[in-house]
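For reference, the structure discussed in these notes is given below.
There are 2 protein chains.
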Amino acid sequence: MLMPQLLLEISNHQAEMAETLVQLGRYLIIFVAARLMAELMVRLQLPTILGELVAGVVIGVSGFHLLVPPEAHAELAHWLLSLVGSLAGAPPEAVQEIYTETFPSLAAVSKLGLYALLFLTGLESELDELVAVGVQATTVAVTGVALPFAMGTAGLYFLFHVPLFPAVFAGAAMTATSIGITASVFGELKFLKTREGQTVIGAAVLDDILGIVILAVVVALAGGGAFAIGPILQLVVAAVVFVAAALFLSRKAAPGFDWLLDRLKAPGEVVVASFVVLVLCCFAAQAIGLEAALGAFAAGLILSASKHTDAIQDTVKPLVSLFATIFFVLIGTAMDLSVLNPFEPANRQGLIVAAFLLVVAIAGKVAAGWSYVSKEKTNRLVVGLGMMPRGEVGLIFLGLGTQAEILTPALEAAILLMVIGTTFLAPILLRIVLSGVERDGVEQPA
Amino acid sequence: MLMPQLLLEISNHQAEMAETLVQLGRYLIIFVAARLMAELMVRLQLPTILGELVAGVVIGVSGFHLLVPPEAHAELAHWLLSLVGSLAGAPPEAVQEIYTETFPSLAAVSKLGLYALLFLTGLESELDELVAVGVQATTVAVTGVALPFAMGTAGLYFLFHVPLFPAVFAGAAMTATSIGITASVFGELKFLKTREGQTVIGAAVLDDILGIVILAVVVALAGGGAFAIGPILQLVVAAVVFVAAALFLSRKAAPGFDWLLDRLKAPGEVVVASFVVLVLCCFAAQAIGLEAALGAFAAGLILSASKHTDAIQDTVKPLVSLFATIFFVLIGTAMDLSVLNPFEPANRQGLIVAAFLLVVAIAGKVAAGWSYVSKEKTNRLVVGLGMMPRGEVGLIFLGLGTQAEILTPALEAAILLMVIGTTFLAPILLRIVLSGVERDGVEQPA
């Protein structure tokens, strides 16, 4: 390990003590803040992941500076440095240095959380449900991905002169559909088993797959720096083949996985075997030039056909609760919300962009409700509104873009507002619309 | 982040790709090797943790160089560097640099595993069982800690002229008792509910507490560098007060924890609340100058009285399966077993030390079987042999010493041999002794 100048002036013992205190203190701050906000969100019937992001904003560069990523070039709260310094017998400047030096290990843990979350998303994909509603859901999903993506990207690029990469990425982030919000409203109003409910849920599964393929391609392209047609085609083909292989393997390889699992006798076999599959798929995705996160999702898809999915979910959920929380809090800490201050004239452009994204995000998904052909009378507005909330999937996509350093602070904030806006509005609008048609809905079970 | 010379010569994209591949590849190597060895150990009726350590030795500096800690100053297998390099389009030297630079994040994750393991150990401590066998178990535990500690330390210091710190540490590492091995042999031969069985299990719980207090004091002293009577007393008092406070809080604070848990509604409440308690206790221990690991154990003791212990265990076990595995594999990778080669004359001293430790480790615990007063006829040899296996507890203690860089390679290897020797021998000797007295045993239920 490198030993910067200041650290030479304190003893090894003091440095180790400060390092342990810094790492433990960071966890404390992250989890106390995230839990407080998550509990608040649950009571507001909003996704807890949003609470984690808000917690990050509160403790981060836009808030109390209790946790700031080194890239933000902001200073930590001085009282915090002094506190740890006085406990370890080290000067605050040395604590700051240790903080910066050990930050990558926190980021590495948070990345494990992202992988675990995407793995769980893949694992919970009900591919059978998707097949059941088939054509109708596919039409809704493809339209609901294509419209916001095309309108968002084109609008940002041509109207607001956003450079191509961030514009494409923002467009891609608008493709998400969070099934959590809609499913809970549908469930509450006994609308989940209707044709509309089933269509939305099937379409949301396909949405995730399409969205993550687009994102993997965009992030990989942004890494390369060029936007030529050759690499795009190559990456799209690679991503599609990768996901198709995962879907194929979910039928063929899952039984092999189960066979192996039944033969493992040392404790922890479920979590370790799942983790090995997860890491293997991430490695494979990265090795062929795609995002490792796509591999995590594919690993989940593969194991979604295992007969041990319940056991796998039980062991992966604690990992998600801990490490994905760190991921979202860290994303929040880096967000500079001062770009949203409407009293600053320079910010007005950014706010207009945010409003544009929100309108496109709503219009694109609602329009998808009219995209399919159906002999039966279905409530197309309900389908459209059901596809609207971006929720945690939108935040995962935003997080991927932030980590890949594709977005400007203003665009990050605009995407965040779009996600929050659609997530807040969807359940409210759905309740209004459904309260009128509730009885009809119950009479039309799928 | 610092950017060393070589990394400047490859693009950001290549560096990030290589970094992800290196981190994922390390997990793959660790878990595949650890799982293979753990499965082998289970079939040999040995602790899986031993398999993890052996896996580390096989892939580490004493083996194939697939994973070497930077402190070991050994080179990674060149074919591995070339493989990752060719996938990421980076020269092998750059991959080696990225490997070294990102290693601390793996070490940080492994430390989380150690904390989780000690937390689980504390959580599983059946304090009520300890109270039930009371005086008898206490006598056995204290003797079983004092004898090996005193004999081991004195022997190493006076006979073999080992410096005081490593000698004291090695003595402390000999105090451990692994209940796992004995419990499984007792259980198999229906001897668990006898007075001897209950005494051994109660004594093993107390052993853990005494051993970890001694270790926390020794590690803290080693950090300070001096062996004066003032700091020793201070630390011993701090450690005893800390553990006493944890035992007190297990009666008083656990209900408060349960009350809070029942009020949390956002998902993941059990794992997050437990993790916050864990981190809080680690922070408190470190802040008063003790080992953070003692705090992890204390957190487990506190929550062992919660009505949610089963749920807590379920969420912590996956963390232990993943991250404690990394901890033990890393310990194994750093072990230089060439110091055990008997054909190297310079090594003979080390082998004699190892033999000495093994004899003291056996004699000290067996003697503890004769330390208590009992009106009833009890089989003292069975009690002594039951206390003998060091198993995973001994390896945790060894790991703490290795991390604190207290031990020489030769002494590390000697302690490892002592742990392996007692762990192998105890079940064999117990089976021989118990097969003769089995009937008597069953006639004496507690």
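The listed protein sequences derive, respectively, from chains A and B. Be aware that the first sequence starts at 1, since it is given in our numbering, and climbs by one per residue. Be aware that the second sequence starts at 447, since it is given in our numbering, and climbs by one per residue. Quick reminder that beta carbons are idealized off the backbone N, C-alpha and C, glycines included.
Note down, one range per segment and in chain order, each alpha helix (DSSP H) of at least 4 residues found wholly within the segment 11-47 of chain A.
12-43
Relative to the C-alpha of Ile10(A), which candidate in Val271(A), Glu93(A), Ser62(A), Arg431(A) has its C-alpha closest?
Stepping through the first sequence from its first residue, residue 10(A) is reached at position 10. Checked all of Val271(A), Glu93(A), Ser62(A), Arg431(A); the closest Cα to Ile10(A) is Glu93(A).
Within the same chain, show all residues whose beta-carbon is closer than 8 Å to that of Ile866(B), passing over the 5 residues directly before and after it, in chain order.
One-based indexing of the second sequence puts residue 866(B) at position 420. So the qualifying residues of the chain are Leu496.
Mind pulling the chain B residues with CB within less than 9 Å of Gln286(A)?
As a working mapping, residue 286(A) is identified with position 286 in the first sequence. Result: Met463, Thr466, Leu467, Leu470, Leu533, Ala534.
With 7 Å as the threshold, decide whether the Cβ of Pro891(B) is near any Cβ in chain A.
Start at 1 with the first residue of the second sequence, and residue 891(B) comes out as number 445. Because Pro891(B) sits at a pLDDT of 41, beneath the cut-off of 50, its placement in the model cannot be relied upon, and the point is left open.
Go ahead and label Ala428(A) buried or exposed: buried means 16 or more other beta carbons lie within 10 angstroms of its beta carbon, across all protein chains shown.
In the first sequence, residue 428(A) corresponds to position 428, counting from 1. According to the sequence displayed, residue 428(A) carries Ile and not Ala. Burial call: exposed.
By alpha-carbon positions, which one of Ser125(A), Val240(A), Gln45(A) ends up nearest to Ile302(A)?
Translated into positions along the first sequence, residue 302(A) becomes position 302. Selected option, being the one with the closest Cα: Ser125(A).
Sort Ile30(A), Glu188(A), Phe327(A), Phe328(A) by Cα distance to Leu434(A) and report the nearest one.
For this step, residue 434(A) is matched to residue 434 along the first sequence. Nearest of Ile30(A), Glu188(A), Phe327(A), Phe328(A) to Leu434(A), Cα basis: Glu188(A).
Pick helix, strand or coil for Thr640(B), following the three-state DSSP scheme.
Position 194 of the second sequence holds residue 640(B). Strand at Thr640(B).
Give the residues from the segment 274-298 of chain A that approach chain B closer than 7 Å (Cβ to any Cβ), ordered along the chain.
Phe275, Val276, Val279, Leu280, Cys282, Phe283, Gln286, Ala287, Ala292
Which listed residue (Glu405(A), Val320(A), Pro409(A)) has its alpha carbon closest to that of Thr121(A)
Looking up residue 121(A) in the first sequence gives position 121. Comparing Cα-Cα distances from Thr121(A) to each of Glu405(A), Val320(A), Pro409(A), the minimum goes to Val320(A).
What are the boundary residues of the alpha helix (DSSP H) that includes Val68(A)?
Reading the first sequence from its first residue, position 68 is the one you call residue 68(A). No alpha helix (DSSP H) contains Val68(A), which DSSP labels as neither H nor E.
Glu485(B) touches chain A at which residues, Cβ-Cβ below 8 Å?
Counted from its first residue, the second sequence places residue 485(B) at position 39. Ordered by position in chain A, the residues that pass the 8 Å Cβ test against Glu485(B) are Leu264, Lys265, Ala266.
So, are the CB atoms of Leu21(A) and Ala88(A) less than 7 Å apart?
Position 21 of the first sequence, counting from 1, holds the residue named residue 21(A). Position 88 of the first sequence, counting from 1, holds the residue named residue 88(A). In contact: Leu21(A) and Ala88(A) (Cβ atoms closer than 7 Å).
Close-in-space but distant-in-sequence residues of the same chain around Phe119(A) (CB under 6 Å, 5 per side omitted)
For the purposes of this step, residue 119(A) is taken as the residue at position 119 of the first sequence. So the list reads Leu278, Ala296, Ala299, Gly300, once near-sequence residues are dropped.
In chain A, what lies closer than 8 Å to Phe414(B) by C-beta?
In the structure displayed, chain B extends from 447 to 892; residue 414(B) sits before or after that span and is not available.
Using beta carbons (cut-off 7 Å, strictly below), is Leu569(B) in contact with chain A?
Numbered from its first residue, the second sequence carries residue 569(B) at position 123. So no, Leu569(B) is outside the interface.
Is Ala856(B) close to the ligand SAM? I mean its beta-carbon at under 6 Å from any heavy atom of the ligand.
Ligands in the displayed structure: none, and consequently the ligand SAM is not present.
Cβ closer than 9 Å: which chain A residues qualify as neighbours of Thr848(B)?
Reading the second sequence from its first residue, position 402 is the one you call residue 848(B). By Cβ distance, chain A contributes nothing, its closest Cβ being about 14 Å from Thr848(B), past 9 Å.
Residues from the segment 754-783 of chain B in contact with chain A, defined by Cβ distance under 8 Å
Asp760, Thr761, Val762, Lys763, Pro764, Leu765, Val766, Ser767, Leu768, Thr771
Give the straight-line distance between the Cα atoms of Val68(A) and Val799(B), rounded to the nearest whole angstrom.
The sequence position of residue 68(A) within the first sequence is 68, counting from 1. The sequence position of residue 799(B) within the second sequence is 353, counting from 1. Val68(A) and Val799(B): Cα-Cα distance of roughly 50 Å.
Residues that Thr48(A) contacts on chain B, provided the C-beta gap is smaller than 7 Å:
By 1-based counting over the first sequence, the position of residue 48(A) is 48. Chain B residues near Thr48(A): Ala712, Pro713.
Is it the case that the Cβ atoms of Ser110(A) and Phe327(A) are separated by a distance below 7 Å?
Against the first sequence, residue 110(A) aligns to sequence position 110. Against the first sequence, residue 327(A) aligns to sequence position 327. Cβ distance < 7 Å, so Ser110(A) and Phe327(A) count as in contact.
Can you pull the chain B residues whose beta carbon is under 8 Å from the beta carbon of Leu28(A), in chain order?
Here residue 28(A) refers to the residue found at position 28 when the first sequence is read from its first residue. Under the 8 Å cutoff, chain B gives Val722, Val725, Leu726, Phe729.
Exposed unless 16 or more other CB atoms sit within 10 angstroms - verdict on Asp208(A):
The count along the first sequence starts at 1 and reaches residue 208(A) at position 208. Buried, since its Cβ has 16 or more Cβ neighbours within 10 Å.
For Thr422(A), the nearest candidate out of Glu19(A), Tyr27(A), Arg43(A), Pro47(A) (CA to CA)
Numbered from 1 along the first sequence, position 422 holds the residue referred to as residue 422(A). If we check each option's Cα against that of Thr422(A), Pro47(A) comes out closest.
Quick check on the DSSP output: what are the complete alpha helix (DSSP H) runs of length 4 or more inside the segment 611-665 of chain B, in order along the chain?
625-634
For a contact defined as C-beta to C-beta under 7 Å, what are the partners of Ser110(A) on chain B?
Translated into the one-based positions of the first sequence, residue 110(A) becomes position 110. Under the 7 Å cutoff, chain B gives no residues; its nearest Cβ is about 10 Å from Ser110(A).
Trp705(B) - containing alpha helix (DSSP H), residue span:
What you label residue 705(B) is simply residue 259 of the second sequence in a count that begins at 1. Note, Trp705(B): alpha helix (DSSP H), 675-709.
Here's a check: name, in chain order, each residue in its chain whose Cβ is nearer than 8 Å to the Cβ of Gln313(A), leaving out the five neighbours to either side.
Working through the first sequence from its first residue, we reach residue 313(A) at position 313. Cβ neighbours of Gln313(A) beyond the five flanking positions: Leu120, Leu123, Glu124.
Taking the CB atoms as reference points, tell me whether Leu736(B) and Ala719(B) lie closer together than 7 Å.
Reading the second sequence from its first residue, position 290 is the one you call residue 736(B). Reading the second sequence from its first residue, position 273 is the one you call residue 719(B). Contact: no.
Please name the residue in Ala246(A), Gly56(A), Leu247(A), Ala173(A) whose C-alpha comes closest to that of Thr153(A).
On the first sequence, residue 153(A) is found 153 positions in, with the first residue counted as 1. Considering only alpha carbons, the answer is Ala173(A).
Is Lys365(A) helix, strand or coil by DSSP?
Here residue 365(A) refers to the residue found at position 365 when the first sequence is read from its first residue. Looking at Lys365(A) - three-state DSSP - the assignment turns out to be helix.
Name the chain B residues that come within less than 7 Å of Ser105(A), Cβ to Cβ?
On the first sequence, residue 105(A) is found 105 positions in, with the first residue counted as 1. Under the 7 Å cutoff, chain B gives Pro550, Ser551, Ala554.
Simplified DSSP assignment, three categories, for Ser784(B)
Here residue 784(B) is taken as the residue at index 338 of the second sequence, counted from 1. Of the three classes helix, strand and coil, the one that applies to Ser784(B) here is helix, per DSSP.
Taking 8 Å as the cut-off, does the segment 135-150 of chain A touch the segment 195-211 of chain A (at least 3 CB pairs, one atom from each stretch)?
yes
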